[in-house]
Structure formats: structure tokens, C-alpha cells
Amino acid sequence: MMWTADALAQVMAGLQAGGAALRSLPAEDLLAAWAGTVEAFLDPASEERRALDPALARTCRLSPEGLDAGLAAVLGGVRGEPAAALFAAAVAGRPAPEEPVVVVLASNLPGLAVQPLLPALALRRPVLLKSPSAEPLFAPALVAALSRRAPRLGGALAAVDWPGGDVVLEAPVLAAAGTVLAYGEASAITDLERRAPGKVVGYGPKTSLAVVGAEVDPEEIAEGLARDIALFDQRGCLSIAAIYTAGDSGALASRLEDALADLARRWPPGPAEPAAVASVQQIRLEAEMRGLRPPGLPVSAGTVVIDPDPTFRPSPGLRTVRIHPLAELARLHGVLVPWRGRLQGAALAGGEAWRLCPELEAGLGISRCAAPGALQAPDARWHNGGIDPLEVLRRPGGSTGPLPERSSRCG
2 MMWTADALAQ VMAGLQAGGA ALRSLPAEDL LAAWAGTVEA FLDPASEERR ALDPALARTC
62 RLSPEGLDAG LAAVLGGVRG EPAAALFAAA VAGRPAPEEP VVVVLASNLP GLAVQPLLPA
122 LALRRPVLLK SPSAEPLFAP ALVAALSRRA PRLGGALAAV DWPGGDVVLE APVLAAAGTV
182 LAYGEASAIT DLERRAPGKV VGYGPKTSLA VVGAEVDPEE IAEGLARDIA LFDQRGCLSI
242 AAIYTAGDSG ALASRLEDAL ADLARRWPPG PAEPAAVASV QQIRLEAEMR GLRPPGLPVS
302 AGTVVIDPDP TFRPSPGLRT VRIHPLAELA RLHGVLVPWR GRLQGAALAG GEAWRLCPEL
362 EAGLGISRCA APGALQAPDA RWHNGGIDPL EVLRRPGGST GPLPERSSRC G
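Taking my numbering, the leading residue of the sequence shown gets 2, the next gets one more, and so forth.
Here it is as C-alpha cells:
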């Protein structure tokens, strides 16, 4: 559909009006509709998934198996007890504004819409989900499924897509929004902040790493590390790009390659972009020219490089990771300081690694510490970027105060 500014203004007015029905919906009915929808989207054999999967896998550039694994990770965190706990916390706190929430989604992860939508619904705020042009499928399917299970939601939810950055088209949307949650590139978020001052909460691009203590057996963590590298074909903010180890880097590299090879069979990679392939080939060539251990896998399965230079460098994707030997893990903070504010998560293995968690959070802005294999599976209570998902939606529109953050919850 080709949207106009007038049509989008009508959508926003409809959402504002539909908020009354949303607020009248009993919490148990809303939570039941949410639970039923999430379970349906978790089941590859459900009507919803059968209608969605083939096209969604193509638009997300994931294999069918990779899509299934990715949706399981995202949706698994917003079901059951975590969702119920978020609803309970929403009821216990102060009321939220009634203006609609606009969520500007990114295209790198399938199913991302559930993460901002759940707290907004828990606070009874109407929501417009703005899908990226590259992936316009999941959000409308989610909204339709929720509305079938709870018809009173129909007037309070909308999922649309239009080319982002159109000042005229987006003016009525930003004017009517109470809060704008924006995922994506920093430049796009900055532009939205300029046009909707005080309303925008940005979740820009970030990356993640792993830290392994000297006492840890590589065999015990390789599968988990591989999962946190391969999930979403390494396109998420919680995807591991580098591993710092105080142990045997060669043994870790060998075990990790075995685990990545296994995942390449179980979760085949999706179609690779030529630019990403070229970047990975460059990393492999650089390793060869420096006399480093040659990667033992084909490019399609993943690339593991042991790099004695501890400097953190982001991954080009395609399941590519650098292992950095670091005998004194206490040095890690100094190594990562240039990346302060651009790191999202850390997979930690071993007591020495876990003792670094408070410093990683407070000093570098890391918002999630988890065991290998669990990093990419946060639940609904996760404070993405350190931001409380409920409190940020309780702020009045136009507020310029600091964003609500959480205290450290390591371990």
C-alpha cells in the first residue's frame, strides 16, 4: 500500500481512539491472547507459521532451519513466566501515558516486534509497528493473530511499512506519538530525534563478545559459543564477534570449529551478500599473510581466527569470530574502552570471567551477561541497552530527562 500523510494521520487517530478498548481488556484476557499467539508462532506446523515461513525466510535471508531457530530464541523470551512477570510489574507501577507508541523496526532480526510490543501492551498503550521495507511480513501477521484472539486489540494495534526518512509522510505520525522506539542505524535514529525531540528512544547498532577463563574446558563451552555466533547468521546485537580467553586458544578454536560445522548442518546459513563474503575472504587472507592459524572451515560454515592482537574489531558476519589470547583478563576493560557504549552483551565462562561482569556493565555499558549459549535468548525482562522496558514507556511524551536504567544483575 502506498501511504499518504493524511492516511497515516488517520491511523494514528484510530489508535488513540482504540486505546480505550485496550485499557478495558482484562489483564488475564490480554495475557491469554498474547500467550496463544506466541505459542502459535513458535510452532512451525501452525497455520500462522505455515503462511509466514517461506516468504519470511527469503526476506530475512535465513535458511528455514535458521529462521526456526531465530524465532524460537526471540519468542521463547516473551512467553510464560517472564511475560506474566512483566504484566505484574506493569500493574504495580504508575500509569503510563495514553498516547500511541510508534516502534520503528530494523530488518536484521525476524520477530523483533515482540520485544517492544509486550511491555507496551502490558501498560495498555496503543502501538504502531513500522516494519522495514526489507521485511514487511512478521509484524502484520503478529498483529492479525493477536486481534483474532482478542478482538478489542484490533483498534489499538497497527502494522504498516513505508520508506523510512520521508519527512512529510512521517510528520503526522511523530506528532501524534507519545513515544518512539527506534531500532536501526545511528543516522536514522539521529534524524528521528531531530524531528521528534524528547520522544525518541534509540536502540542503535551494537555488538557482543565472549570471555573465557583459564580454567574452562573448551569442550564444555564450544557448542554454546557456536550457538551465540551462528544464531541469526550473526546479525544480532547479541551475536558474538570476538572471544577473549585466558586459556588454550588453539584448543578453543578447534572445538569451536567442530561446533560451527555441526551448526552449519543443522542451521544452514542463508544467502550471503557478496560484500560480506569479500570481507571474510579479506580476514582469511590477512590471517595467512600474518602467519596465523589458518581457518579450518569453508567460508559458508564460519571463520575462526586466532589473533594475538587484542584490539576488538567487529565481525563482517557469516559466522566469523576472532579469538584473542589474553592471559590477564583484568586487562580487558582497557582493551574495550574505545567501544564503550557500542557493546551489548558478553557470554562469560568461568569464575574469573564472571567477576568482570559488574565492570563490563558499569564501565562499558554492556547490558547483558550470560553463559555461552544463553546470550542470544534474553527474556521479556531484559533491559536492552540498559533501558527499563516498562519505565521508558511510562515517561510522558517530550520528556528530556535521563532514560530509566537498571542496576547490575550479574550472575
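Beta carbons are placed, not taken as given, at the ideal position from N, Cα and C, and that holds for glycine.
Q: Answer with buried or exposed for T5, where buried requires no fewer than 16 other C-beta atoms within 10 angstroms of its C-beta.
A: exposed
Q) Any idea what DSSP makes of G271, helix, strand or coil? A) DSSP places G271 in coil when its eight states are reduced to three.
Q. Starting from A97 and walking both ways along the beta strand (DSSP E), at which residues does that stretch end?
A. Unbroken run through A97: none, as it is neither H nor E.
Q) Helix, strand or coil: how does DSSP classify P359 here? A) helix
Q: Check whether the region 92 to 109 touches the region 178 to 191, counting contact only when three or more Cβ pairs, one atom from each stretch, lie closer than 8 angstroms.
A: A contact between stretches requires three or more CB pairs, one per stretch, nearer than 8 angstroms, and the region 92 to 109 meets this requirement with the region 178 to 191.
Q | Backbone CA spacing between G412 and C370 [nearest angstrom] | A | Bear in mind that a pLDDT of 42 at G412, under 50, signals an unreliable position, so the number given afterwards is only what the model happens to contain. Looking at the two C-alpha atoms, the distance is approximately 8 angstroms.
Q) In terms of DSSP beta bridges, what is E370 paired with? A) Per the sequence shown, the amino acid found at residue 370 is Cys instead of Glu. Answer is A347, bridged to C370.
**Q.** Backbone secondary structure at G19 - three-state DSSP
**A.** Secondary structure at G19: helix, using DSSP grouped into helix, strand and coil.
Q) In chain order, what residues of the same chain have a beta carbon less than 8 angstroms from the beta carbon of D234, not counting five sequence neighbours either side? A) Counting only Cβ-Cβ distances below 8 angstroms, and skipping sequence neighbours, we find R62, L63, G67, P270, G271, G318, L319 and R320.
Q: Could you please give the first and the last residue of the uninterrupted beta strand (DSSP E) stretch that includes E334?
A: Sequence inspection shows His at residue 334; the Glu mentioned does not correspond to that position. Careful: H334 lies outside any beta strand (DSSP E), inside the alpha helix (DSSP H) at L333 to L337.
Q: Would you give the residue range spanned by the beta strand (DSSP E) that V181 belongs to?
A: It spans T180 to Y184 - the beta strand (DSSP E) in which V181 sits, taken as one unbroken run.
Q | Range covered by the alpha helix (DSSP H) that runs through R150 | A | For R150, the enclosing alpha helix (DSSP H) stretches over residues F139 to R150.
(Q) Against chain D, does G78 count as a neighbour if the rule is that its beta carbon must be under 9 angstroms from one of theirs? (A) Any reference to chain D falls outside this structure, which holds one protein chain only.
Q.
Can you tell me whether D263 is helix, strand or coil according to DSSP?
A. helix
Q: Give the DSSP bridge partners of V168, in chain order.
A: Paired residue(s): none; V168 is not in a bridge.
Q. Expressed to the nearest angstrom, what Euclidean distance is found between the alpha-carbon atoms of R150 and T38?
A. 8 angstroms
Q. What do you get for L394, buried or exposed, if any count of 16 or more other CB atoms within 10 angstroms of its CB means buried?
A. buried
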